[in-house]
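If you read the sequences in order, they're chains Y and A. Counting from 1, position 190 in the first sequence corresponds to residue 209 in this note's numbering; the numbering is continuous, with no gaps. Counting from 1, position 201 in the second sequence corresponds to residue 205 in this note's numbering; the numbering is continuous, with no gaps. Read through the structure below, which is laid out as structure tokens, and then see the notes.
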Amino acid sequence: MIVSYSWLQSFFDEKLPSAHELGDTLTFGAFEVESIKENGNDTVLDIDVLPNRAHDCLSHRGIAKEISSLLDIPITNDPLGSSTPKWISGWNDSNILDVTVEDSKLCRRFCSAVIEGVEVGDSPEWLVKYLESIGQKTINNIVDATNFVMFNIGQPLHAFDRDTLQQIDGAYNITVRLGRDGESIKALDGEEYEVGKNNLLITDGNGGGAIGIAGVKGGASSEITKNTKNIIIESANFDPVHVRKTARQLKLRTDASARFENEPSVLLPPFGVTEVVALIQKIAGGMVEGYVDVFPHKQNPYKAGVSLGEVNNVLGTEISDIQIKSILDRLYFDYEYVEPQKDICALAQTFEGVSYTFGASVTKDAPNTFDCSSFVAYVFAQNGVWLPRMSVDQYVYGAEIKEKDLRAGDVVFSVGNNKKTTHYESKDFIQGIEVPEGVSHCGIYLGDGKVIHASGKESRGVVVNEELKESSDFNTVVGYRRFFDDGKRYVVTVPFERGDIRMPIDLIEEIGRVYGYIHIESKQLDDLGKNPAVHKTFFYAEKVRRFLSGRGFSEVYTYSLVDRGEIALLNSLASDKDHLRASLESGLTASMKLNIKNRELLGVEEVRIFEVGKVFGKYGEHTSLGIAVENLENYKELLLELSSHLGVELPSDVEGNIFEINFDEIVKKLPPPVEYEIDKLKKDTVVYKSFSLYPLLISKFL
Amino acid sequence: MNDKIHIHPLTTLIRDAHAIFHDMGFDLAEGPEIESERYNFDLLNVPKDHPARDMQDTFFVAGTEKKVLRTHTSPVQIRYMETHKPPLRVIVPGKVFRNEATDRTHEAQFYQIEGLAIDTDITLGHLKGVLQTFISTLMGKEVSVRFRPSFFPFVEPGVEVDVSCFKCSNNGLSAGCSLCKQTGWIELLGAGMVHPKVLAGAGINPKVYQGFAFGVGLERLGMLKYGIDDARLFASGDLRFINQF
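Okay, structure coming up:
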């Protein structure tokens, strides 16, 4: 991501350190800065934002926030600073635009605004400069405004010319739907794209035609031109996998698709609309007619928690509570410092009487309705304790507790008669771990014999607080589990744009990098008190290597990718490398040929080489040993010697100058080795001297 | 020249690495070069259709079942964890493949060594210490190690590991030279703490166990150690190269 230094400065009142200092700050605290270049009056940094942060940091604001946290310089102009964007208060629902989203899984949110009476023209100088400094072309003030906001806050946007859409009874409709067989769209790049039922489209609901490929590119038919007067803004959120697949299928990776495929927050689109409308009104005029927001699946804020002990136990540090609090503040994380045992029990009791829904989601349905395990997971998550979602997985994850040690805040698991809701192995957490006793229900122990749980029994169907011994849901208790240690936890309400922070380890990473990895002290591992096991194939391969190199053989490593074989590759860069070798023969033959030519230069009487490597057949793969010589006379003797050295009979009736054998088969016949032969490392290092690839030509002139 | 014993530099690097890690209690493991997507990606927390898959250009193998040429030695981490109980320590040397154009520093096939250590109390500090011992012993020169934040889906925190320049730095002071591009540091490898999802996927409870993993390219180590200027020489089968060692 190309980032402009002066653009970054616009987020801060305080003067930032130089671009090179920022480069170091980011490289050691966040992302690698690949280059820093002067560009006119500006300096641009090329920052390598990796997939874990591409959802929020492919934007100047994301990078500015990182700088702010790492340098402890406050951001003074944060477009995402308020928890809800300003638009809600000032604008009305649109009277003339309706948006239909056919599949809310593929289009998670669609925000829109209608602006009437804009004047399309050139962008002001500051905007042109910003865009040009990061290598973007200026097009016109409307399109430039949408691009600016995308590079500013990371929300891709699009502007349609409203009057190119069909009007029915004074109203417009945008429909987000999948394409149809045979459908095509001419995009803004002038190319015609064939789209179908695997591609989500933005369409003119009245006219029927496509006006954009969702999340990828706008259509040419509704392009903003110098005659455009009225516009419709799109600020949406699409399924990341769907956008990724469409962009790949159409070979059309755009700045928009690169952002959507990394799953930016569904709470970002309203900020996109607010920002772009404000900018357009400033540079192109116009009045907001109204807005639309289609957002059927609201989401709870995520909570993530961690304890001081967990942080230090992973990082190997001695960070203090004071330091953690300061780091969390620098990261702009709202947090509470809770005592999970007390707070879990207290919170759980506030949900008494809340309804039961089987399969209720922790992030969307809670706390309005629960099932037994979503109730436990939600209550724990609110107190910074991460749990797997399903009761059987919670049972596998937690530390086992005996009945006599049971205390408030532990979780009680039971099994019922209903086979359908009983699980006998871990599902999503540690797949394959068996739970023969079965788990079907769980609840939080409150102390004094009380349990609180979301009961799915038809007669109840709510969260109930009752005596554990008398509860019909806990007739057959299978065990008790504990999920947190004593002591307090930091519970962070994750900023909405940070899709990467869900589990304790995510917070530990944040704390670690702001604290500075440079402060982590090296430690040696403790002695395990036992010798490592001896690897049989490696042991015998080493034995063969030592034997052969002692007899004047040089070991070669040749290519596994060759022009023919039994196993083909589906995608290869070269037709002479589109198969996996079925034997070592072609590599050894080529090597012999090359080296025989250079025999004199090498100063050897005979070229002798060998290779140990994997070869591939329809049956699978195995390790092969190949030996090649020039003179066949000593060959038989050598193989006899190797046979007795290894203690296994090798076939010696070979023809030709290459001997090759399935080494795995040989190893099978050999006894398990007891101890490695380990050499001391050599003190002096060879210094390689490069050689000419054309020795014969050169040697003529020497 | 004839009676001298020649050892291929890759063999020497694997042998030396093995000797160093053997001393620190590490087993050695190997694994298949044709891998399932499950082991090469899914179980390493690289979901299907996720942008993280683009980080490694992958060769796909023709056949009924969808298989790949392993893009790293990390799948062997999973195979080892599935068959061994913690505490565990293992290194995995082996050949890996990337569908990339080749040049002096890139090859479609190359060697890696993977390292993994899992116990109840292994920290990022241990990773630093182990890598410092490994690189210093291997290169025959005491080096410092520094971490920079990075991202590999199978670890968290993920770090990029730099070591002080073998050529120009001394006791933490660096003169700057062409090898380290005047920075005093050489970017060497990727590492981190094994992601809880990876542990769980391999049957190890992340609430109890934790540990580190790292992966280093052997050709790169060899180029730095011996001053080799072209990665393609390692698989050239050319004795003008091999017989220098």
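Cβ atoms here follow ideal geometry from the backbone N, Cα and C, with glycine treated the same way. If you're wondering where the values come from, they're calculated on a predicted model, not measured in any experiment.
query: Excluding the five sequence neighbours on either side, which residues of its own chain have a C-beta within less than 8 Å of the C-beta of Val693/Y, listed in chain order?
result: Val553
Alpha helix (DSSP H) segment containing Met143/A, residue limits: Leu128 to Met143
- prompt: Taking all protein chains shown into account, do 16 or more other C-beta atoms lie within 10 angstroms of the C-beta of Val235/Y, making it buried, or fewer, making it exposed?
  reply: buried
- request: Since I believe Glu574/Y is in contact with Glu630/Y (beta carbons under 8 Å), could you give me their beta-carbon distance rounded to a whole number of angstroms?
  value: 7 Å
- request: Starting from the beta carbon of Thr247/Y, find every residue of chain A whose beta carbon is closer than 9 Å, and list them in chain order.
  value: The contacting residues do not exist; Thr247/Y stays about 34 Å from chain A at best.
query: Which runs of the alpha helix (DSSP H) fall wholly inside the stretch 174 to 216 of chain A and span at least 4 residues, in chain order?
result: 200 to 205
field: Interface flag, His12/A vs chain Y, CB-CB below 9 Å
entry: yes
task: Could you tell me whether the stretch 58 to 67 of chain A touches the stretch 9 to 23 of chain A, using the rule of 3 or more Cβ pairs below 8 Å?
output: no
query: Using the C-alpha atoms, what's the distance from Thr95/Y back to Ser29/Y?
result: 9 Å
- prompt: Using a C-beta to C-beta distance shorter than 9 Å, which residues of chain Y count as neighbours of Thr141/A?
  reply: Leu700
task: Please compile the residues from chain Y whose C-beta is within a distance smaller than 8 Å of the C-beta of Glu39/A.
output: Here the premise fails: no neighbours, minimum Cβ distance about 10 Å.
- prompt: Going by beta carbon distance, what residues of the same chain come within less than 7 Å of Ile21/Y, once the five residues before and after it are set aside?
  reply: Val63, Asp65, Ile153 and Gly154
- prompt: Leaving out five residues before and five after Lys555/Y in sequence, what residues of the same chain have Cβ atoms less than 8 Å from its Cβ?
  reply: Val686, Leu689, Pro691 and Pro692
Those runs of the alpha helix (DSSP H) which lie wholly inside the stretch 499 to 576 of chain Y and span at least 4 residues: 523 to 534 and 555 to 568
query: When we look at the beta-carbon of Ile108/A and count the other beta-carbons within 10 Å, is it buried (16 or more) or exposed?
result: Per the sequence shown, the amino acid found at residue 108/A is Arg instead of Ile. Exposed, because fewer than 16 other Cβ atoms sit within 10 Å of the Cβ of Arg108/A.
- prompt: Would Gly309/Y pass as a contact of Ile530/Y if the rule is Cβ separation under 9 Å?
  reply: no
task: Using alpha carbons as the reference points, say which of Leu298/Y, Glu649/Y and Asp97/Y lies closest to Glu674/Y.
output: Glu649/Y
message: I'd like the ranges of any alpha helix (DSSP H) spanning at least 4 consecutive residues and lying wholly in the stretch 584 to 644 of chain Y.
response: 604 to 616 and 618 to 621
- prompt: If you drop the 5 nearest sequence neighbours on each side, which residues of the same chain put their C-beta closer than 7 Å to that of Cys181/A?
  reply: Cys169, Lys171 and Cys172
field: Validate contact between the stretch 287 to 303 of chain Y and the stretch 236 to 248 of chain Y using beta carbons, cut 8 Å, 3 pairs
entry: no
- prompt: In terms of alpha-carbon separation, which member of Leu286/Y, Leu219/Y, Trp145/Y and His177/Y lies closest to Leu99/Y?
  reply: Leu286/Y
- prompt: Would you say Glu118/A faces chain Y, with C-beta separation under 9 Å as the test?
  reply: no
message: Does chain Y have any CB closer than 9 Å to the CB of Arg83/A?
response: no
field: Alpha-carbon to alpha-carbon, Lys99/A and Asp234/A
entry: 18 Å
field: For Ser410/Y and Thr388/Y, believed in contact at Cβ under 8 Å, the rounded distance
entry: Contact doesn't hold; Cβ gap of about 17 Å is too wide.
message: Between Glu456/Y and chain A, is the shortest Cβ-Cβ distance under 9 Å, so that the two count as touching?
response: no
Contact set between the stretch 579 to 613 of chain Y and chain A, restricted to residues whose Cβ is under 8 Å from the partner: Ser579, Leu580, Ile586, Ala587, Leu588, Leu589, Asn590, Ser591, Leu592, Lys596, Leu599, Gly606, Leu607, Ala609, Ser610 and Leu613
message: As an exercise, report each continuous beta strand (DSSP E) stretch of at least 3 residues that is fully enclosed by the stretch 263 to 297 of chain Y, in chain order.
response: none
message: If the cut-off is 9 Å on Cβ atoms, which residues from the stretch 532 to 552 of chain Y count as contacting chain A, listed in chain order?
response: Arg532, Tyr536, Ile537, Ile539, Glu540, Ser541, Lys542, Gln543, Leu544, Asp545, Asp546, Leu547, Gly548, Lys549, Asn550, Pro551 and Ala552
task: Tell me where the beta strand (DSSP E) around Tyr212/Y begins and ends.
output: Glu211 to Glu213
message: Run through chain A and tell me which residues come within less than 8 Å of Asn332/Y, C-beta to C-beta.
response: Asp125, Thr127 and Gln214
message: Quick check: what's the CA-CA separation for Gln543/Y versus Gly133/A?
response: 5 Å
query: How long is the line joining the alpha carbons of Lys211/A and Glu160/A, rounded to whole angstroms?
result: 15 Å
task: Look up Lys688/Y in the DSSP assignment and say whether it is helix, strand or coil.
output: helix
query: Along the stretch 439 to 452 of chain Y, what residues have a CB closer than 8 Å to any CB found in chain A?
result: Phe448, Ile449, Gln450, Gly451 and Ile452
query: Would Phe448/Y be called buried (16 or more neighbouring beta carbons within 10 Å of its own) or exposed?
result: buried
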